[in-house]
Amino acid sequence: MDRRQFLKWGSFMTVTIATGGLTACGGGDDGDEPDTGNPENFNFVHGVASGDPKPDSVVVWTRVEGNNGKRPVVVRLQVSTQQDFAPQSLLVNEPLMARPEWDYTIRNKVTGLTAGTRYFYRFLLGNRASTVGRTRTAAAAGTPLSQLRFAFVSCQDWNANHWAGMEELVQQDLDFIVHVGDYIYEAVPGGSRAGLVEDRHTALQLPNGTVLPDASVYATTLDDYRYLYRSYRSDTRLQALHAAFPMIAIWDDHEFSDNCWQDRQTYDSDDDQTPRTARRRAASQAWFEYLPADVSLDTSNPSFQNIQIYRSFTFGNLATLLMTDERLYRANHVMPEETIGRTVGSLYLVPADTLAATEAQKISAAGNALTPVSMLGDTQRAWWQDRVGGANTTWKLWGNQLSLLRMQVDVTKAIADLIARALVQAHSALSSLQSAIASALESDLATAKAAGTYANLAYTELRNLLSQAGIDAAAFDANIRPLIESRLPAISLLDRFILNTDQWDGFNAERKNLMAFLKANSVRNVVALSGDIHGFFGGQVMDDYDAASPMPVMVDLVTAGLSSNSLLSSFRALVDNDQEFAALRELIYSDVGGVLFNAFDNTLRAFNSWIRHADTNAEGYALVTLTPDKLSCTFHTLKSVSGGVAPALPATASTRVLEVAAGTADVSVL
Numbered sequence: 115m116d117r118r119q120f121l122k123w124g125s126f127m128t129v130t131i132a133t134g135g136l137t138a139c140g141g142g143d144d145g146d147e148p149d150t151g152n153p154e155n156f157n158f159v160h161g162v163a164s165g166d167p168k169p170d171s172v173v174v175w176t177r178v179e180g181n182n183g184k185r186p187v188v189v190r191l192q193v194s195t196q197q198d199f200a201p202q203s204l205l206v207n208e209p210l211m212a213r214p215e216w217d218y219t220i221r222n223k224v225t226g227l228t229a230g231t232r233y234f235y236r237f238l239l240g241n242r243a244s245t246v247g248r249t250r251t252a253a254a255a256g257t258p259l260s261q262l263r264f265a266f267v268s269c270q271d272w273n274a275n276h277w278a279g280m281e282e283l284v285q286q287d288l289d290f291i292v293h294v295g296d297y298i299y300e301a302v303p304g305g306s307r308a309g310l311v312e313d314r315h316t317a318l319q320l321p322n323g324t325v326l327p328d329a330s331v332y333a334t335t336l337d338d339y340r341y342l343y344r345s346y347r348s349d350t351r352l353q354a355l356h357a358a359f360p361m362i363a364i365w366d367d368h369e370f371s372d373n374c375w376q377d378r379q380t381y382d383s384d385d386d387q388t389p390r391t392a393r394r395r396a397a398s399q400a401w402f403e404y405l406p407a408d409v410s411l412d413t414s415n416p417s418f419q420n421i422q423i424y425r426s427f428t429f430g431n432l433a434t435l436l437m438t439d440e441r442l443y444r445a446n447h448v449m450p451e452e453t454i455g456r457t458v459g460s461l462y463l464v465p466a467d468t469l470a471a472t473e474a475q476k477i478s479a480a481g482n483a484l485t486p487v488s489m490l491g492d493t494q495r496a497w498w499q500d501r502v503g504g505a506n507t508t509w510k511l512w513g514n515q516l517s518l519l520r521m522q523v524d525v526t527k528a529i530a531d532l533i534a535r536a537l538v539q540a541h542s543a544l545s546s547l548q549s550a551i552a553s554a555l556e557s558d559l560a561t562a563k564a565a566g567t568y569a570n571l572a573y574t575e576l577r578n579l580l581s582q583a584g585i586d587a588a589a590f591d592a593n594i595r596p597l598i599e600s601r602l603p604a605i606s607l608l609d610r611f612i613l614n615t616d617q618w619d620g621f622n623a624e625r626k627n628l629m630a631f632l633k634a635n636s637v638r639n640v641v642a643l644s645g646d647i648h649g650f651f652g653g654q655v656m657d658d659y660d661a662a663s664p665m666p667v668m669v670d671l672v673t674a675g676l677s678s679n680s681l682l683s684s685f686r687a688l689v690d691n692d693q694e695f696a697a698l699r700e701l702i703y704s705d706v707g708g709v710l711f712n713a714f715d716n717t718l719r720a721f722n723s724w725i726r727h728a729d730t731n732a733e734g735y736a737l738v739t740l741t742p743d744k745l746s747c748t749f750h751t752l753k754s755v756s757g758g759v760a761p762a763l764p765a766t767a768s769t770r771v772l773e774v775a776a777g778t779a780d781v782s783v784l
């Protein structure tokens, strides 16, 4: 394969050595003649970025706009220890090629750098310079490190709320940013956008796209995905964030397709029966082109698995960071959508016992292998165990897109509690019996559930209890029974439900396997940095959530979306718009005089004792200060859009601090 062919089909990454010259693929001057036109025709409108800091290297990025789409453009990279780029301070001063086959993006790995050092970088078109970026290398492995400060973020939807949080983050003094996925959203709304969105984020129009029944349009081609990245990177606040700090990024689902697995999409109940290999490859290539990640893409490999983005980082003796890919290798959901016919019941609000039985059947059919019920895949799981087990740093951080926390609701008990409270409010003389009423009613509802109908529900336990309080059968039928039956949900909802099986709750056997590995090897101080679910959470990851006495093994901290609409809003829409779930409204929220009260947080805490903190009605980000003694995480909840305008700084409305002490697997909420 000659050099020109390698440039066309190989993994595009140029490499420069500090104080040296260009050493690797992508920087040659053979092949197509570069565009030598007036540099004034070109610009760096999408800013600059750096990523994947290691002790001796970092990846830098930019994109050239104004090209003709046919010929490469010469760009000069400068890296310096000084912000003024004085000639004697230049460590790199090399020409690079922005090539059309990579959408005129430049990804260059600068090697030969000094550990734990700040550097400045910029790109030049002739004498016209880009924004100056600043970056920092990691401390050398084993070096005593007293502190790390970083943020972790997720879910930055262009079409929801605002991006003022990015502007606020730039003011922090951070070593790096961890992005745990949903950097873009592949679908854009059709027609008017629902909800609050800042006016500066104008409506997006994909060049190709595929229209869904709700009139939204999802990215389908490489041009579509590139368009989304270009649009997102046109926001000067995101540009400033990238210019300020190196980013360590992983993808989640929306960089390809909502709730995806491997090369399958899940927009309708049988959608994932058809491979979407070309679409998956296009999504992967666009991510590769626009994120400054030290990874390789093999375009000559026809598989959809032609890129590996799981990787690890070490920061002195303080922290190891593992970034996992929880989409490209995962098996189909344990309860495939086609078996249910819709996402509710297959991905969301799935009966816990049905889920467990189905997972056990799949494992048994595979000879007790985890392969058909795995999120990581066999190879990546072995890699994870090797890296976390071999880490000799104080802390082991896991850049993990999807929460590891069990999130369940026992609707039978929850409804019994709600009805008991309503009975006491209607009949104050029963106030001392509220707890007993709830227990009796829960027993009666369990009997109805077993029968599969309310038709013969006699309320035996509740009648016996209330008869002792002087309420006879006639009074019960006249005053108690009507109130109860006005609040009963569909009989099918009397069950224990898993909230979301797209996250680790849907891959419980593999989660238990990972926790067993940590326990067996006495691996401590493991903390996951998670996102996806659009809420703030902190809690314990247990060895077996279904055991009589589960034991904590590690901690999961979950950040809300930077802009994506909250988890509460999604469940509020469900109970408001689907009559089957209307009886559950009080478990989600109440509306008193037009004022919304969030009940969802307390509902989740009531049925998940390992969750120490829950805020389901938030957008924001997480700031972490890490020392040998503790991890301190501050959740920043952002103010709302007002009149189409993002809030002025400070954009934070409130904060909550969570701490993890070294040597423990628990969270303190301050």
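In case it helps, our numbering puts the sequence shown at residues 115 to 784. Here a beta-carbon is modelled for each residue, glycine too, at the ideal position from N, C-alpha and C.
Around A634, the same chain offers no residue with a beta carbon nearer than 7 Å, after the five sequence neighbours per side are excluded. Cβ-Cβ separation between Y235 and V178: approximately 16 Å, too far for a contact (criterion under 8 Å). In this structure, N614 places its C-beta atom within 8 Å of the C-beta atom of Y462.
Looking at the DSSP output, N614 bridges to Y462. Exclusion of the five residues before and after R351 leaves W277, M280, E281 as the residues of its chain whose Cβ lies within less than 7 Å of its Cβ.
Per DSSP, Y341 is one residue of the alpha helix (DSSP H) stretching across 336 to 346. Taking 8 Å as the cut-off, the beta carbon of L579 is found no closer than this to the beta carbon of F590. The distance from the Cβ of M437 to that of P406 is about 14 Å, inconsistent with a contact at the 8 Å cut-off. In the three-state scheme derived from DSSP, where H, G and I count as helix and E and B as strand, L682 is classed as helix. Looking at the DSSP output, I362 shares a beta bridge with V292. The beta carbon of I533 sits closer than 7 Å to the beta carbons of L555, I598, R601 from its chain, once the five residues preceding and following it are set aside; these are given in chain order. Spanning the alpha carbons of T472 and V448 requires a straight line of approximately 7 Å.
A straight line joining the alpha-carbon of R520 with that of A474 spans about 18 Å. By the neighbour-count criterion, in which a residue is buried when 16 or more other Cβ atoms sit within 10 angstroms of its Cβ, E700 is buried. Secondary structure of T485 (DSSP, three-state): helix. One alpha carbon belongs to K626, the other to P761, and they sit about 43 Å apart. Judged by DSSP secondary structure, S546 falls outside any beta strand (DSSP E); it is assigned neither H nor E. The beta-carbon distance between F418 and D377, rounded to whole angstroms, is 4 Å. This is short enough to meet the 8 Å contact definition. Rounded to the nearest angstrom, the Cβ distance from C269 to G757 is 24 Å, too far for a contact under 8 Å. Residue state for A662 is assigned as coil, using DSSP reduced to three classes.
Per DSSP, S426 is one residue of the beta strand (DSSP E) stretching across 425 to 429. Fully contained in the segment 500 to 581 are the following beta strand (DSSP E) runs of length 3 or more, in chain order: 509 to 516, 522 to 524.
Residue pairing by DSSP places L745 opposite L740, V774 in a beta bridge.
Taking the Cβ atoms as the reference, T739 lies roughly 7 Å from Q261, within the contact range of under 8 Å.
The DSSP-derived three-state label of L676 is coil. By the C-beta criterion, the segment 183 to 198 is judged not to be in contact with the segment 383 to 394, since fewer than 3 inter-stretch pairs fall below 8 Å. For S398, the enclosing alpha helix (DSSP H) covers residues 391 to 404. With fewer than 16 other Cβ atoms from the protein chains shown falling within 10 Å of its own Cβ, L784 counts as exposed. Under the DSSP assignment, D166 falls in the beta strand (DSSP E) whose first and last residues are 162 to 168. Cβ neighbours of I725 within its own chain (closer than 7 Å, five residues either side excluded): L519, F651, G653, L718, R719. Between T769 and H750, the CB-CB gap stays under 8 Å.
Going by C-alpha positions, I421 is about 11 Å away from R394.
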